[in-house]
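Read the structure below first, then the notes.
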Amino acid sequence: MSTDLGAYIAAAAVAAVAAVTLVARRVPSARSSEPGAETARFVEPEPGVRYLQCDELRCGHMTYPHRPQPGGTWVCANCGTVKGGTS
Ligand SMILES: [Zn+2]
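Under my numbering, think of the first position of the sequence shown as 62, with each following residue one higher.
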């Protein structure tokens, strides 16, 4: 019984890897057909931009580029939240 379950899990894992590989291969063509529709694309970093962790719920503690603001603060390029400064 347990060996059958193990074989099933192994087969499911192989199928999942194949599915991910298939999706990964199709991503470049999907991006080129929908310019501007994606949220995460490769862009050249702007001068002075820092990649900081954003604690906003929308950004989910992920690292996003932050643009420098007057006064030494940084504004998140993804959600617009200002962080840093004197406080
Ligand atoms: Zn953010």
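Glycine included, every Cβ here is placed at the ideal spot set by N, Cα and C.
Keep in mind the model is a prediction, meaning the values are calculated, not measured.
Worksheet entry | Proximity to phenylalanine 103 [Cα-Cα], best of Gln114, Arg119, Gly109, Pro126 | Pro126
Item to complete: Just jot down, in chain order, the residues whose CB lies closer than 7 Å to any heavy atom of ligand 1.
Response: Cys115, Glu117, Arg119, Cys120, Tyr125, Cys137, Asn139, Cys140, Thr142
Practice prompt. Could you please give the first and the last residue of the uninterrupted beta strand (DSSP E) stretch that includes cysteine 115?
Written response: Per DSSP, cysteine 115 belongs to no beta strand (DSSP E) and is neither H nor E.
Practice prompt. Specify, as a first and last residue, the run of the beta strand (DSSP E) that valine 143 falls within.
Written response: 143-145
Discussion item. Check whether the stretch 67-85 and the stretch 114-123 touch, using three or more Cβ-Cβ pairs below 8 Å as the test.
Written reply: No: fewer than three Cβ pairs fall under 8 Å.
Discussion item. Quick check on the DSSP output: the beta strand (DSSP E) that includes histidine 127 runs from which residue to which?
Written reply: 124-129
Worksheet entry | Closest Cα partner of glycine 133 within the set Val75, Ala74, Arg111 | Arg111
Worksheet entry | Start-to-end residues for the beta strand (DSSP E) that takes in valine 136 | Looking at the DSSP string, the run of the beta strand (DSSP E) that includes valine 136 is 134-137.
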